Every structure is written in structure tokens, then in C-alpha cells.
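> Numbering (mature numbering (1 follows the signal peptide of the UniProt record, and there is no 0)), first residue to last: -18 to -1, 1 to 1047. Following this message is one structure expressed as C-alpha cells.
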């Protein structure tokens, strides 16, 4: 590794000019007088090439008098004659009115201008990516990429997004991520957004099928920045500092004031509804009442305690002592240059994050270096290395960590006091508070849990490392013909460990729990060291590809490619480790314990439990893939384009027969540039009009299913070997197939002031993996998965852009709007499935329904007794348990809608004035619903409180003004009936709520320092920026004070404010 880095650095340091003379200047646009970045400059005679930088500036070595050819996408090519070396040239390019977009798209296999593509692509350039300073690359796509839907708002992994809906039912639904021309399966948080040049999203078959059996869910192609051959060193420095507000824990409706909860608890205590015993945890106030009743505290002490609790709000305590304003710092350095035969790029990035939870911090370091060599015009070589290290410290105590176990129901009391005059206070945790308070009198350790002390008594860390090596060589033996070989190695590992100090609650709780009746310790009273399951992973990827591009008679353009690739990847998970009696000073501990022997545990001595051991999971997952592929595009006279692709994929997951291991995938497409036809006479209004259509087949794979039977070998609780059948095997296992039809219309009007596209698509997922149930007499009572299921998604993607200029003012508006729905066409749902499964979070698939469907039970209102109305045999009944277990049928369920928005979009305004630029993003979504929470009839029994408590039915006649049922007392009906009544209300249509919303996503402001202030200095440009995000809702359809995107959260994402500076040297 050291030798490799030395070679890479050495290559950079060897940069030198072949000549001392040069010409320099700026390339600008004739319309805006703004610089044109990365314009191509080529000497006609020598063929030497260079390009302008991000500010349009260039410096080209000068040898002899020659013609200089300047070109840029979206502009007409210009040629000027240069007789001598000179500086301060100003070259103006004329915009090509018929160019739909000044973009070049990348598929990971090839690049081409978007106007020559028949497929559906979305291109996000570096300017748009840099607008959002989020440290996660995918978060920068939210609201700016057509057809890309964030299923989980604010998500930061590919699992949180969909590209044009669903095309699978049981398999992986996330899009394929391509990073620098190869599939990437690592943590997306390892990617430094500041080192990314652009992103292309492949949405239809013609765009994505080149990636074959992995592309059925769409493809996101991410390209890192590369060196620019501009003849000099460029240095980019950027720094961004962000602050976030302290979370507002008063957001959630799942809460009641302390005095109300205390009144409820007192009433239930007086009704003897609590099981008062040492081994049963009860709320602190209930324990206080029982202590006074049994004479252990006085009435005056009780009154003082009640006064203190009634004036305490746990949420405010947590906000003050557990949370803080977050901090996020991003710092980057990018150095690039090149001349003659060599160019290079070095980048370094540092990300420092302090979470809103005190004690949770994370850091990430990114480093990359890329060298490219061109010893001749026919040969070029590339070598790149990327290293990422991230580390996390998770010692914080959050609001959810205050949860106590109240008779088996986790809950947080609203009157918890965390600190009193700077002294950490104890709260109920795993054992009854009064029992824990006197534990030391029984010869035990202090058993009280003090949240504020735990941050300094636990050291919970994790880290991950990853490095990538990329190498490629290209040979051009003939004009237009290129042969290129690529190789990538990715290797990474991750590890986590936790050191619990001797005085931590975790240690004290374990020691006390396992202390025997005779006072002997089973677990030593010392530190405990736990190591999670380490993971190692690597992949090798090789590709050989032949490209050809030719133009004949200026009217015929042919682009073809063919290649093969092979991939081998492996991930290993190793067993964890635990050391008891751990001494941090000596790094010593012991794991010599009998983890298969059970011991009686306190406070009751039962049940007997095993000593907590380490995770014994050991996994090794190996994937081997082989592919052959080809792609062709023919353009006649810039009017008609036809394209096609074919690919054959094979995997070790699909058995030994070649036909089973491989699957052919393909696409065809065509486009018609109507505006280039001789008969088209609307150029003055509609200078660009193009129609395109594609159809093809891509695929998907479920890597949890194989051709062979699979068994997991484990060790039973008795220490004996055991095995679990994970899959009975499927000899007919095949790839899932996704057929996609796409039609689109691209247009430009009024001299490019108004432009856009509209696309309609249908995605048919066929031969999908689905559950099939075996005859129970086989001894396998679990479902096994085979290919047979079908799903269809269809929708529209619309993009409209308009831009106007008045003197020094530029205004641009970008509108995105999408509509998508899915429907299951074929699935064999088990007829024995319980009805209750249909209103659980994981809903069984049903033919004719959406995969995202949510079911509810019919709501008939409240009776004059304040109870949910149900009917058994057409008669009013209170036998809720009988209704649920006997009379409730699947046909009674209501299709209440879908949980994922069916339409979504955004409006982005960008306003420029002189050196200022202001932009803001508004997003919307709708067509979906959610099931909100409420105060249920048995909420008091489970300490599950909600603000709907104040809207409860209280007397006859209230059923006319409220739909919140009253509390059901234990003496009214059986516990089973009470629970069933609560469930009926919880999943009823009454709690289904519309989730439509409009959100102010973010606002950004940039200022570019005028060049007159930095003239004569090494600084070429300075940009200062400000950005604010998570700014809140502008409108929502629900009347309830909750954000539909975060209906179950204890707080909504806090507002974040960033200040940044970029310096170009």
C-alpha cells in the first residue's frame, strides 16, 4: 500500500510543462456574458487538447501558429487563428438554440449528449449538487431529481428512495448505485459529496438495461471529479459550518401533563389495578403512594414529592440536559492539474458532526488521488485510490432511553426529573424504584439509574474503513475505435465495541441481577467490554470493453460498444466478544464462564437466566457474476435515432445449468427530432421538439434465495449443535424480470425561455419472487420463495423550466411533478392468513391492491356508552374479542389508501442579481394516508398516553361531538375484550388521516466576491454561501398538529443553518 501511494504521489509531483509559452483567457456566453465552464479547446494541427476551468478561464501551451477550435455542449463550435502567445483572450461562444440542455449524461459505461439519448435520464450537475451542503450525497437529490421519490423523508440510504415506483414485491427495491463506473454496495455516507462532479439517474429500460439484472429498480450513476487538462494547477478550498436547533420534544401528541397522569395513576392505585411486588416495576408516583400507605414515608413527604412531580415536565428536562444545538463542519481541499502526458487530482475531506444528542459525535475523513497518463495519443492509463475512515462515539442518552419497564409495558413518565440543582437524579428503569433504593442495605450494589451520569460511564465506539483502487487502460488503434480495460478493488471493514465502566448502570444491574441468595457474585463487580460482530468485505470487478464511434457523410452517426465483465464479492461477519472483569488500564478481562448454565436472578430468583454472552453469528456471503453486453445507437441527419442494448447476466446463486444461471436482457428505443424536419415551420416559437419511445427488459435479484437448500448451523441454548432450514431450495429459481415502456416529449419554446419534458411509463415486474407454502407433512412449515408473482407500476414525470433576464437580474424556475401508482397483478396469498395480519405494519400482498396499501376496520362511531360500535349478527355487541376472533372476515376490511405518496414534486426558484444568487425549494406530496395515534380505551393500562385524552367521551351525548372512546374499566369486561376494543379503535377508519402537504424545504443565498477585489492576488475566485433547511410546512391537509412525514416521531427534524466559503486558487 505504501508503495502504491508513493507511485501515485510521485506521479503528481512529476508534473511539468513541455513548453514555456502559452495563451490564456476566458470563454464566455454570448447571451449572458457569463463564463462557460469546461469548454473544450483543441489545436487543429497538433491535436493537443485542454479545457476551461469552472470559471471559464483557460491556459493552453503554445508551440506554433495554429487554429484553435473551441467547443462546448449547447454552443456552436468556434475556430480562431492564433499566431503568437498571448494572454487575456476573450472568446465568445454563440448558444445553439436547438440544444435542449447543456448536459452530458453518463451511464457508467459511456457518456453522450442528452439530446442524442432515446432513454429517460435525469442529470444533476455539480452546481445543483453543491447548492445543498448535506454531508450525505443522496439527501442532495431530494426535491431536485424528477422521478426520484424519498419514501422516508430525510432518508440517507438507497433503501429510503424509489426510482419510478416499485417493480418487485419480496426482493430488494432499492436502486442500483454506480460510483465511478462500478456498482457500489458500501455505506453511502462514505462518499464525499464535495468530490462528486455530477449524478445521472437512469429511469427506463433504454437507460438502465445496460446494467442488466441489477437495474430493474433504476440506476443512480455517481461520478467523482476528475482532473482537467487546463495546463496549470487548480486549488479549491471549501469550508462549511452548520448549526441545528435544539430539538423540540413538545411536538409529539403521545403525551399528557404530569398532573393528569398522576391523577390517573392514583385512581388506578386506589382501584388496586397495580401489582405491587418487588419484582414488578411500577411508575414512580405509584411507588411513592405505596410507600406512604405502608408507613415507609410520611404524608408530608408524599405531599412534597407530589408537588415536585406535578411541576416537572420530562420533555423540558430532557431538552435541557440530554440535547443541544447540533454542529456540522465540512472542510475540503481539491488540487488538480496537468500538462502534456499527465494530469492528476488530489482531494481531501473532513466531516465533523456533533449530534443534537449530547455525547453522540461522528467524524469522517476522505482522501482520494487520481492520476491519468497519456504517453501517446492512442494510449491512456488511469490509476486511482480512495480511502475513507469514519468513527462514531455513541455515549449519549436520548429521550427514548428514559423508557421504564412498567409491568411489561415500556413507557416514559411525564414527571421524570433528571437534575435537581445540578445533582443527577435517579429514575425507574428495570426494577421497582423503592426496591432499587434500598438494594445496598441488602448487600447489593447501588441499583438506581441516573441518566446524566451514564454518559461518562460508558464508552461506545464504532468505526469503518474502506479503500478503493481503480485502474484502467485504453487503446485507440484506429480512428473512432477504442479498447478499454477497467479493474476495481474495494475492501472495507467495520467494528464496534462498548466499554462499560465499573460504576455504570449496565454493570451494576447485571451484577445485582446475578447475585445469589448467599451473596456470591456470578458476574464480577468490574468493567465489562463488549465487541460487536466485526465485518470484512471485498469485491473485485473487471471489465473489457470495445467502443466505436463513427460519422459518415455528416448525416450518419454510429456509436457501438460491446464488452464483458466479471465480479467476485464476499462479505464475512465474525462472532463478537465479551470480557468480564475488564481492566482498561491493563486491557485484560475474562470470558471463561459457563454461558450454557442458567442462574436464578433477582429480585425473585426466577426466571433463571444465562450469563449474557457475545453474539455468536458467523456468516460468509459470496457472490460471483459474469456478464456480456452490447449497446448501439444510430443517428440519421440529427433527426432520427434508434438505439438498442443487450446483456446476458449469470450468477452463482442460480445453480449449475447455464440456462438457469443466465438471463438475456435487452432494450430498444427511438427518437424523432421533429424540429429538424424541413416541413417544421414553427422554429420561431418552438425551436426544439423531440419525441422518443423505448421498451425493454431489465432485472432484479433476491440474494436471500438460492437454487440450493440453505441451512444455518447454530448452537442451541443447551450447548448442542442445531440447524435451521432457511430455504428448501428452488431448482427453477430465476432472475426477476422488469419490462419498462417509456414515451417522452422534449420541447423548448420562445428562444429557450421555456423548456421541459413530459414522460409516461409502465413498469411490469414479472416472474417475481413470491411466497409459496409447502405441504405441512414435509416437515417444513415455513413459506418458500419461487418465481411467479407480478406487479405493475405506471406514472408520469413532468419537468418545466423557465428563465428570464433583465439587465443584471436573472430568474429561473424549475418545476418537477410526478405521479405513480403500483398494483399487484399476481400473488398467492395464504388463505390461512389471519385477518389481523392485514392491519399490521407488514401487509400481506393482495391481487388488485397496491403494495403500499393500508387497511382499516369500518368505523360506526361511539355508542351512548362511549364504546366503539361493533355488530355481531347485525346486533350491537360489546363482545370485542369474539368479534375479532370469530366474526371478523377479510372482506370486512377497508382499503383505506396507500402509505406512500402517489404524486409529488417541487418548485425551485433561482434569482440572480449581479454577484448575488438567491434560491429556495418548495416540495409537495400527497395522495397517501397514515394511521395516526390516539388515546385508546386501555391506554391507562399500558401507560400509553395521548393528547386525545381531552377529547374523550365522558357522558351520554358526547358521542355526537367526539369519536374518542372512553376508558374501559377492568370490572366492565374481560381483559381480552378490553384489548380487542382498543385494537378495533386503533386500526379503524377513524384514525386514517390524509397526508398531503407542501413544505418549504430550503433557502440558499450565495455571493461571489467581485474579481476586482482579488485582482493581483493568487486567488481566482471566492464564493460565500448561506443555506437553511428543514424550514417547516406551508400547508397540510390534516387538522392535527403533526407533520405527516414524521407522525410517529418524538420531534421533527430541526432547522439547520449553514455558512460556507469556497476559494479557488
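Virtual Cβ for every residue (Gly too), placed ideally from N, Cα, C. Fair warning: this is a prediction, and the values are worked out from it, not measured in the lab.
If distances are taken between C-alpha atoms only, which option among 242, 29 and 38 comes closest to residue 50?
When only C-alpha atoms are compared, the closest one is 29.
> With DSSP collapsed to three states, give me the class of residue 377.
Of the three classes helix, strand and coil, the one that applies to residue 377 here is coil, per DSSP.
> Rounded to whole angstroms, what is the Cα-Cα separation between residue 463 and residue 130?
About 36 Å.
> Please confirm whether residue 910 and residue 977 have their CB atoms less than 8 Å apart.
Yes.
> Report buried or exposed for residue 9, applying the criterion of at least 16 other Cβ atoms within 10 angstroms of its Cβ.
Looking at its Cβ environment, which holds 16 or more other Cβ atoms inside 10 Å, residue 9 is buried.
> Return the residue from the list 752, 732 and 477 that minimises the CA-CA distance to residue 829.
Nearest option by C-alpha distance: 752.
> Looking at residue 421 and residue 508, is the spacing between their C-beta atoms short of 8 Å?
Cβ atoms of residue 508 and residue 421: not closer than 8 Å.
> Is residue 268 helix, strand or coil by DSSP?
DSSP places residue 268 in helix when its eight states are reduced to three.
> Classify residue 498 as buried or exposed, calling it buried when 16 or more other Cβ atoms lie within 10 Å of its own Cβ.
Classification for residue 498: exposed.
> What residues match up with residue 839 in a beta bridge as DSSP calls it?
Answer by DSSP bridge pairing, in chain order: 970.
> Less than 8 Å between the C-beta atoms of residue 327 and residue 318, yes or no?
Yes, these two residues count as a Cβ contact at 8 Å.
> For residue 965, does the three-state DSSP call read helix, strand or coil?
Helix.
> Say whether the stretch 725 to 741 touches the stretch 662 to 677, bearing in mind that this needs 3 or more beta-carbon pairs closer than 8 Å, one atom from each stretch.
Yes, since at least three Cβ pairs between the stretch 725 to 741 and the stretch 662 to 677 fall closer than 8 Å, the two stretches touch.
> Assign residue 110 to buried or exposed, taking buried as 16 or more other Cβ atoms, counted over all protein chains shown, within 10 Å of its Cβ.
Counting Cβ neighbours within 10 Å, residue 110 comes out buried, since at least 16 surround it.
> Which of the three DSSP states is assigned to residue 303 in this structure?
Residue 303 falls in the helix class under three-state DSSP.
> In angstroms with no decimal places, state the Cα-to-Cα distance between residue 427 and residue 416.
Roughly 14 Å between the two C-alpha positions.
> Just to confirm the assignment: which complete alpha helix (DSSP H) runs, minimum length 4, are found wholly within the stretch 373 to 461?
The qualifying runs are 415 to 419 and 433 to 436.
> Between residue 370 and residue 353, which are expected to be in contact by the criterion C-beta below 8 Å, what is the C-beta distance as a whole number of angstroms?
Contact doesn't hold; Cβ gap of about 19 Å is too wide.
> Give me the Cβ distance between residue 18 and residue 71, rounded to the nearest whole Å; I'm assuming they're in contact under 8 Å.
In fact, because the Cβ distance is near 13 Å, the residues do not count as touching under 8 Å.
> Could you check the C-alpha separation between residue 886 and residue 1031 for me, to the nearest Å?
Approximately 22 Å, taken between the alpha carbons.
> What does residue 25 pair with, by DSSP beta-bridge criteria?
Beta-bridge pairing links residue 25 to 50.
> Rounded to whole angstroms, what is the Cα-Cα separation between residue 222 and residue 603?
So the two alpha carbons sit approximately 40 Å from each other.
> Determine the closest residue to residue 628 out of 619, 621, 490 and 609, with distance taken between C-alpha atoms.
Among 619, 621, 490 and 609, the Cα nearest to that of residue 628 belongs to 609.
> CA-CA distance, residue 742 and residue 674?
Those two C-alpha atoms are separated by around 11 Å.
> Under 8 Å, do residue 199 and residue 128 count as touching if we go by C-beta distance?
No, these two residues do not count as a Cβ contact at 8 Å.
> Shortest alpha-carbon distance to residue 691 belongs to which of 766, 192, 510 and 778?
Among 766, 192, 510 and 778, the Cα nearest to that of residue 691 is on 766.
> At 3 residues or longer, what runs of the beta strand (DSSP E) sit wholly inside the stretch 538 to 597?
If we require 3 residues or more, the beta strand (DSSP E) runs fully inside the stretch 538 to 597 come out as 538 to 555, 559 to 565, 570 to 572, 580 to 582 and 590 to 592.
> Hey, would you say residue 597 sits closer than 8 Å to residue 557, going by beta carbons?
Yes; because the gap between Cβ atoms is below 8 Å, this pair is in contact.
> Taking just the CA atoms, how far does residue 654 sit from residue 343?
Distance between the alpha carbons of residue 343 and residue 654 is about 54 Å.
> Do the stretch 507 to 522 and the stretch 587 to 597 make contact, defined as three or more Cβ pairs closer than 8 Å?
With a cut-off of 8 Å, the stretch 587 to 597 and the stretch 507 to 522 count as touching, because enough Cβ pairs lie within range.
> What residue range is occupied by the uninterrupted beta strand (DSSP E) comprising residue 202?
That run of the beta strand (DSSP E) goes 201 to 206.
> Give a yes or no on whether the C-beta atoms belonging to residue 78 and residue 58 are separated by under 8 Å.
Yes.
> Kindly give me the distance between the Cβ atoms of residue 195 and residue 867, rounded to whole angstroms, as I take these residues to be in contact under 8 Å.
Rounded, the Cβ-Cβ distance is 45 Å, inconsistent with contact.
> Spell out the partners DSSP gives residue 7 in its beta bridges.
BP columns for residue 7 point to 40 and 71.
> Using a Cβ-Cβ cut-off of 7 Å (strictly less than) and excluding sequence neighbours within five positions of residue 106, which residues of its own chain qualify?
Correct list, in chain order: 123, 126, 127, 180 and 181.
> Name, in chain order, the residues that DSSP records as bridge partners for residue 960.
For residue 960, which the question treats as bridged, DSSP gives no partner whatsoever.
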